[in-house]
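What follows is one structure encoded as structure tokens, with my remarks underneath.
Protein chains: 2
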Amino acid sequence: MFLQNEPSKIHITQAHELIQNRIHRTPILSSKSLNAIFECKLFFKCENLQKAGAFKFRGATLAVMSIPKVDLKKGVATHSSGNHAAALALAAKSRGIPAYIVMPRTAPQIKKLAVQGYGAKIFHCEPTLESRQENLEKIVSKTGAIVVHPYDNYTVITGQATCAKEILEELGEVDYIISPVGGGGLLSGTCLSAKYFSPNTKIIGAEPAKADDAFRSLKSGTIQPSVNPITICDGLMTQLSDRTFSIIKNNVHDIITVEEETIVAAMRMIWERMKIIIEPSSAVTLAVILQNKKKFIGKRVALILSGGNVDLDKLPWAQ
Amino acid sequence: MFLQNEPSKIHITQAHELIQNRIHRTPILSSKSLNAIFECKLFFKCENLQKAGAFKFRGATLAVMSIPKVDLKKGVATHSSGNHAAALALAAKSRGIPAYIVMPRTAPQIKKLAVQGYGAKIFHCEPTLESRQENLEKIVSKTGAIVVHPYDNYTVITGQATCAKEILEELGEVDYIISPVGGGGLLSGTCLSAKYFSPNTKIIGAEPAKADDAFRSLKSGTIQPSVNPITICDGLMTQLSDRTFSIIKNNVHDIITVEEETIVAAMRMIWERMKIIIEPSSAVTLAVILQNKKKFIGKRVALILSGGNVDLDKLPWAQ
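Below, the structure is given as structure tokens:
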């Protein structure tokens, strides 16, 4: 079943072997014009082109692959309004098992349709953490489904770690990897892969200033709550968990916060220059470069574009 | 200098060798979900990821590379409000020669900025064909610059032919290649590459029904004017020329017209499912599949996504 301790190098390597035929090995793109503007070498790891449109599919796939055969028919369950829901639904479908997803009534229709399109069963709840958990518990007690938390789960973290492993395999040592940080699943996995596969690479977490709980947690040394985050980065509003925070605290080089208008500018820059669609939560990585150009001049920097699921009717630069 | 006759197989092969280190060999992407929806195998040739954001860079580069050394310092000139202007500007810059671009005052600011960003000199004119030509002649008589027509030029056509050559090299024989048709540079080049490298492959031109001059020209056997085209496909409003029409007439399998709302739906489908940015003119290719699903069931079909230069403030689905 799921890992009980912080994943080791061997765990990540074996996880990658287990899932590599089920996930996309996403391309790493670069842009001459962006390199010229920022005077450094930027490498964009395109998890927006991952199955289900986000890196979340790595962890969800590893979780589903880790369930013993006897338990498979019980299925998996989670509460999520975002990319984890769709990723878990698709991973479950690929293995032919049921998925039960608790989603707040207020979740965007497009997200509900994606989850439904992957064949999962949706349960609507009120948009509060209490209602989400209550509904999830009800479903689990009825079905016996195995709960896959979006990030407070060492198996999920191991799956997300395969993204940075691919970056380091393809590029060799880089000076920095910048990863968005919300609940910390991607950032903690990235920290572990760097520690094991490229110990000189520094890992930076990128976070909206208006949802800066990870930044405050790192500075204070204890997990700080995410209070009323108001950001266009809908994937980065959650707060760290015990498992993700302990890994991040011990391994991250820094967490850098960025302003909303810088995030929008970075997002638009990537759309216009690179002709790829990324969601706002992905753009925090380039926003870090935009706001701290000097720090990165002459460096080799990998940026994780975490997802590409955007409501095209609500773009942040539209009136 | 420029080719005087219809290009041969050897011309296209040599052209490709000449430009291949200066252009991107753009990726060919596919989407499981789109294949499932349309019950065929679709291959998207991503010229939206080409330098300067469109296939036009192929022809422009070949044209610039074909100028004898003694004439280089005179530079190149054209009139264009779109992708050809940016492509020629960048190709000239790459060879270190001047570029003079006549653009209508009314051209979008974003296009002017792109051309300027590539170091070309812009001359504003009135938005009429007469004013464009008059201004171009003035510049040529002053500078001696060599005029590079966007499509009525066999060298440019040869450059555009390298796109389909890459498709056929990578995929082997396919049943169909669908190319947008405006002035016919891309479609005629595609026809020639298929004729030489994969004679069983059928070439289809995709055209907006509201700018259907190529369709009418093919049916009537003589070039028909493009009268008041009203389409979101800003790259497909021009009409065929003698050189492009003679090649298309003799080699194309069919030209299929598509409705505006189908083009918007196809564009949005590619943005949402494939997470890449294409301009409306590229979306006519998938619109052909959307409108004629039965015809393509079970087939292997390559679609040329001709460009990705979009004004993000004016998306066709926005109110």
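Line order of the protein sequences matches chains A and B. If you use my numbering, the first sequence corresponds to residues 3 to 321, in order. If you use my numbering, the second sequence corresponds to residues 3 to 321, in order. Glycine included, C-beta positions come from ideal geometry on N, C-alpha and C.
- Among the residues facing chain A, Arg24/B is not included, as its CB has no counterpart in that chain under 8 Å away.
- Contact note: Leu90/B does not reach chain A at a C-beta cutoff of 9 Å; the least C-beta distance is about 17 Å.
- The C-alpha of Ile25/A is placed about 7 Å away from the C-alpha of Phe59/A.
- Interface annotation for the region 299-318 of chain B against chain A: Gly310, Leu314, Asp315, Leu317, criterion Cβ-Cβ distance under 8 Å.
- From the listed residues Asp214/B, Ser68/B, Leu242/B, Gly207/B, the smallest Cα separation to Asp256/B is found for Gly207/B.
- Within the same chain, and ignoring the five residues on either side of Lys53/B in sequence, the residues whose Cβ sits closer than 7 Å to its Cβ are Ile25, His26, Phe59, Leu92.
- A direct Cα-Cα distance of roughly 16 Å separates Ala87/A from Glu139/A.
- Each residue's CA atom was taken as its position, placing Ala213/A and Gly185/A some 11 Å apart.
- Under the three-state reduction of DSSP output, Leu314/B falls in the coil class, being neither helix nor strand.
- With contact defined as three or more Cβ pairs closer than 8 Å, the region 27-42 of chain B and the region 11-19 of chain B are not in contact.
- By DSSP's assignment, Ala54/A forms no beta bridge with any residue.
- The CB of Leu51/A comes closer than 7 Å to the CB of Lys277 in chain B, given here in chain order.
- For a cut-off of 8 Å, the C-beta gap from Thr203/A to Pro152/A is around 25 Å, too long to register as a contact.
- By the neighbour-count criterion, in which 16 or more other beta carbons inside 10 Å mark a residue as buried, Ser228/A falls on the buried side.
- In this structure, the beta-carbon distance from Ile258/A to Ala285/A does not fall below 8 Å.
- Excluding sequence positions up to five before and after Ser219/A, its CB lies within less than 7 Å of the CB of Ile225, Gln226, Leu242, Phe247, all in the same chain and listed in chain order.
- Non-local beta-carbon contacts of Ala89/A in its own chain, meaning distances under 6 Å to residues more than five positions away in sequence, involve Ala54, Lys58, Phe59, Ala62 in chain order.
- Residue environment: Glu132/B is assigned as exposed (fewer than 16 neighbouring CB atoms within 10 Å of its CB, all protein chains considered).
- Partner residues in the beta bridge of Lys123/A, as assigned by DSSP, are Tyr102/A.
- From the beta-carbon of Gly161/B, no residue of chain A is found nearer than 7 Å; the closest lies around 20 Å away.
- Pairing Leu292/B with Gln22/A, the inter-Cα distance amounts to about 33 Å.
- For the region 116-136 of chain A, the beta-carbon criterion of a distance under 9 Å to any beta-carbon of chain B is satisfied by Gly119.
- At least one beta carbon of chain A lies nearer than 8 Å to the beta carbon of Glu274/B.
- With respect to chain B, the C-beta atom of Arg270/A has a partner C-beta closer than 8 Å.
- Look at the region 81-110 of chain A: it has no residue with a C-beta under 9 Å from a C-beta of chain B.
- Secondary structure at Pro110/B: coil, using DSSP grouped into helix, strand and coil.
- The continuous alpha helix (DSSP H) containing Gly191/B extends over residues 187-199.
- In the three-state DSSP reduction, Ile25/B falls in the coil class, being neither helix nor strand.
- When Ala65/A, Val176/A, Gln111/A are compared, the shortest CA-CA separation from Ala101/A is found for Ala65/A.
- Distances from the alpha-carbon of Arg275/A to those of Pro282/B, Ile159/B, Phe199/B, Ala56/B put Ala56/B closest.
- If you keep only unbroken alpha helix (DSSP H) runs of at least 4 residues inside the region 232-280 of chain B, you get 244-253, 262-276.
- A straight line joining the alpha-carbon of Ser83/B with that of Gln118/A spans about 44 Å.
- Proximity to Ala94/B across Leu115/B, Lys123/B, Ile234/B peaks at Lys123/B, based on C-alpha coordinates.
- Residue pairing by DSSP places Cys48/B opposite Leu307/B in a beta bridge.
- When secondary structure is reduced to three states using DSSP, Leu31/A falls in the strand class.
- Distances from the alpha-carbon of Met3/B to those of Leu74/B, Pro29/B, Phe46/B, Gln135/B put Leu74/B closest.
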